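Residue numbers (full-length UniProt numbering), protein chains in the order written: chain A, 1 to 205; chain B, 1 to 205; chain C, 1 to 205; chain D, 1 to 205.
Beta carbons are placed, not taken as given, at the ideal position from N, Cα and C, and that holds for glycine.
None of these values were measured; they are calculated from a predicted model.
Number of protein chains: 4
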Amino acid sequence: MKHWLITGFEPFDGSHVNPSAQIVTALSQSIFPEHFHGLILPVNAKTAPAILVENLQQIRPQAVLCLGEAAGRTAISIERVAINLMDFRIPDNAGEQVTDQPIAPDGPTAYFSRLPVRKIRDGLLAEGVPAELSYSAGAYLCNQVFYTLMHFLATHNMDIPAGFIHVPSLPEQAARRTSLTPSMSMELQIEAIRKVIEIVETENP
Amino acid sequence: MKHWLITGFEPFDGSHVNPSAQIVTALSQSIFPEHFHGLILPVNAKTAPAILVENLQQIRPQAVLCLGEAAGRTAISIERVAINLMDFRIPDNAGEQVTDQPIAPDGPTAYFSRLPVRKIRDGLLAEGVPAELSYSAGAYLCNQVFYTLMHFLATHNMDIPAGFIHVPSLPEQAARRTSLTPSMSMELQIEAIRKVIEIVETENP
Amino acid sequence: MKHWLITGFEPFDGSHVNPSAQIVTALSQSIFPEHFHGLILPVNAKTAPAILVENLQQIRPQAVLCLGEAAGRTAISIERVAINLMDFRIPDNAGEQVTDQPIAPDGPTAYFSRLPVRKIRDGLLAEGVPAELSYSAGAYLCNQVFYTLMHFLATHNMDIPAGFIHVPSLPEQAARRTSLTPSMSMELQIEAIRKVIEIVETENP
Amino acid sequence: MKHWLITGFEPFDGSHVNPSAQIVTALSQSIFPEHFHGLILPVNAKTAPAILVENLQQIRPQAVLCLGEAAGRTAISIERVAINLMDFRIPDNAGEQVTDQPIAPDGPTAYFSRLPVRKIRDGLLAEGVPAELSYSAGAYLCNQVFYTLMHFLATHNMDIPAGFIHVPSLPEQAARRTSLTPSMSMELQIEAIRKVIEIVETENP
């Protein structure tokens, strides 16, 4: 099995939890500890990319999966493309709201995921997990981390499977919001990400 | 504890399962068997009301909760009102599609739920279960069964707590559909309905 | 042609306009003035019903159509049923937010519309106007006025066509909102309500 | 004023009209004919890019705006990015359904729009036209034409304003669909695109 770096985000936008962080914590406590490096990133446009890059350099993982929460989505969203754009809908946790700025001024417009996205989607659906391919990871921290990851790999000759997946909100988060939000249980989210790892291992032996 | 009649529906509209039936089965296997009468109703406009009424007459329950699936809803939907109208969006499982017909030609236009609907909503939210009050149970079998229940109680002097709750689709159902559908795990749905029963018992001692 | 009373509402919930009021103004300026009584109701749970009843008594109309805005709807929504419940999601323009109160403590649970609702829906669709039948007018002012109308007619032996229609927001309202809202142009809304009047006249000669 | 090439698409997916084509026809009949080249593209993955490129070569426009219909959107959607991916949700009008193929095998992953996208969004909102910035033009013909346009300009040293805008369905289309679809009148769509042209002219004198 590969050495994996799997990242999530701390809570943001008034929420007290973030399912992406809970998945990372759950996986690090329950599975293959010797192969697993978990990392909770801050929702901070300045520090999150630096922390990610530092971990990529130190850990030299053989596979990377970054996770983030997408409130309003009903399914595990396998992101296909990261774009070189920051256009924050809300401020980050440091209060900064970046608009119409590139992530890497000299970087390309976009990167495609290096995960077997369709195999992942089909594999999740076959297990009864709601899943979809997504053409946009937005233009907030999730896309920024996704782009930073792919740009680092491309500019450092790291030819490894890597990508980004958005997960729905948790039921307890939906219950605290005034407008109706779809949700997915933590049990199913963990099962889904375990299945993702299994598919990537099978496709990239 | 009261003697409860709790009903669900068989699968319909091309689905192979119905969460409302699974809840009834799960509750009947796990909790208070001596107080619990579970009933799976057919999605059949002719037979479903007759079977419900027959069970009401034989069992003489002290509380009734009818359940149905509402594909597309994100939360446990506590229905407030049943209307005297059948206006089926799709045929029932017998192939009948009734349009603009009353359920009870001499019955009143509508009945309100006899459940403590707001207490149920607030109690579920407090437990972290997505929940909402709903002003419409539609005009399909769910509303028909809800109206039939309330009309029977009103015309037979049965002053007991009774009502209808719509539950979301299951993740495995959402995974089979071509368009994105919100879902809720069976574990959380069962927890929600157990909590509903507890609240009704507390409010109607 | 019948003597019509057609009502709309003043703006509410932070909006500067209300399409239902604009329709009333437009119709009163352009068509059949001798047959048309237009009325703009306040978004005030105390005064709106009283003003409506006063106008019903004075004008003694031969047909009544009440209109209201339903932000978030995409189509002309022909309401089928008014329920005896006030459960305001937001305060009215006087700052009052009524919860779980009946409109008429001694009134029935609900009234059906007295308009030919399906003929109206089909007639609008045939003209290329997005239209739908709706089973719930909510539990705010719109439902309150709708219920008040039907209750007055029922208790005063006025056997006339009467009902409620929800219209979408205007494009200019959608453009001012932070979240995406469907809208319909005022031209099409006016055309739709003219068509509704024509259908009611044909069906109730 | 610049020489403009403005393109729309023929109808597809069972619809009998396409608002993007109607806009092109309306503009070509009503405004600045000497500056305007209108083009209706087929919904055909093979021929549409070839026809676009042929027109770009022959006309040598000074500004290009490609338009397409996005059923389900409520607002004028100014697309920010075209991706090098064909992943058709439905077959094109020739019956071909391409999956997971690049548009230009040697082209970059993506291109950003060369239109002043935020100025356009803000300008439309200021006029009361619902408008939004979009991070994804999908992976069907619209994105294919958008990418083909940007790739041609980039590889032919044509430094001109160019981009893609998605428009909502028309009310008459929404009225023919079984599920509720948001729509926008042709009058407002034409006004919006005229405003877009005006903003581009102002920003790129």
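query: Compute the Euclidean distance between the alpha carbons of V98(A) and L125(D), then round it to the nearest angstrom.; result: 21 Å
query: Please identify the residue among R80(C), G107(C) and D92(C) whose C-alpha is closest to the C-alpha of D100(B).; result: R80(C)
query: Using 10 angstroms around the beta-carbon of R89(A), count the other beta-carbons present and answer buried if the total reaches 16, otherwise exposed.; result: exposed
query: P161(A) and R121(A) - do their beta-carbons sit closer together than 7 Å?; result: no
query: Do we get a CB-CB distance below 7 Å when we pair A94(D) with the residues of chain A?; result: no
query: Determine contact between the stretch 181-188 of chain B and the stretch 179-186 of chain A, defined as no fewer than three beta-carbon pairs at a distance below 8 Å.; result: yes
query: Can you name the start and end residues of the beta strand (DSSP E) that G38(A) belongs to?; result: F36 to L41
query: Which full runs of the alpha helix (DSSP H) of 4+ residues lie inside the stretch 44-78 of chain B, going along the chain?; result: 47-59
query: Taking a Cβ distance cut-off of 9 Å, strictly less, list which residues of the stretch 107-131 of chain D are near chain C, in chain order.; result: L124, L125, A126, E127, G128, V129, P130 and A131
query: If you reduce the DSSP assignment to three classes, tell me which class I103(C) lands in.; result: coil
query: Please go through the same chain and pick out, in chain order, the residues whose beta-carbon is closer than 7 Å to the beta-carbon of H16(D), but skip the five residues on each side of it.; result: none
query: Quick check: what's the CA-CA separation for P102(B) versus T148(B)?; result: 11 Å
query: Exposed or buried, what is G95(C) when buried is set at 16 or more other beta-carbons lying within 10 Å of its beta-carbon?; result: exposed
query: So, is S30(B) buried or exposed, given that buried needs 16 or more other C-beta atoms within 10 angstroms?; result: exposed
query: What whole-angstrom Cβ distance do L170(C) and P19(C) have, given they're in contact under 8 Å?; result: 5 Å
query: If I'm right that L5(B) touches N55(B) with Cβ under 8 Å, what's the distance once you round it to whole angstroms?; result: 6 Å
query: Write down every uninterrupted run of the beta strand (DSSP E) in the stretch 131-187 of chain A whose length is 3 residues or greater and which is fully enclosed by it, in chain order.; result: 131-134 and 162-167
query: By how many angstroms is the C-alpha of K2(A) removed from the C-alpha of S77(B)?; result: 45 Å
query: Anything in the stretch 133-148 of chain B with a Cβ closer than 9 Å to a Cβ of chain C? List those residues in chain order, please.; result: L133, S134, Y135, S136, A137, G138, A139 and N143
query: Assign T202(C) to one of two classes, buried (16 or more other C-beta atoms within 10 Å of its C-beta) or exposed (fewer than that).; result: exposed
query: Judging by CA-CA distance, which residue of K119(B), A137(B), G68(B) and N93(B) is the nearest neighbour of L85(B)?; result: A137(B)
query: Taking only beta-carbon atoms, is S169(A) less than 7 Å away from chain B?; result: no
query: Is L125(C) helix, strand or coil when you go by DSSP?; result: helix
query: Name, in chain order, the residues that DSSP records as bridge partners for M86(C).; result: Q101(C)
query: Could you give the first and the last residue of the continuous beta strand (DSSP E) run that contains T7(B)?; result: W4 to F9
query: Residues of chain B with CB under 9 Å from S30(A), in chain order?; result: Simply none; closest approach about 18 Å.
query: On the DSSP letters alone, give me the boundaries of the beta strand (DSSP E) that A26(B) sits inside.; result: It is not in any beta strand (DSSP E) - A26(B) instead sits in the alpha helix (DSSP H) that spans P19 to S30.
query: In whole angstroms, what is the alpha-carbon distance linking Q57(D) and I83(D)?; result: 22 Å
query: Against chain B, with Cβ distances strictly below 7 Å, would T7(A) count as a contact?; result: no
query: Using a cut-off of 7 Å between C-beta atoms, extract the partners of T181(D) located in chain C.; result: T74
query: Is the CB-CB distance between A75(C) and E127(C) below 7 Å?; result: no
query: Measure from the C-beta of S185(D) to each C-beta in chain C and report whether the shortest distance is under 7 Å.; result: yes
query: Beta strand (DSSP E) containing F12(B): first to last residue?; result: Unbroken run through F12(B): none, as it is neither H nor E.
query: Contact criterion: CB-CB distance below 7 Å. Does E172(C) meet it with respect to chain D?; result: yes
query: What separation, rounded to the nearest whole angstrom, lies between the Cα atoms of A71(C) and T181(D)?; result: 14 Å
query: In chain order, what residues of the same chain lie with their CB nearer than 8 Å to the CB of K119(C), ignoring the 5 residues before and after it?; result: I199 and E203
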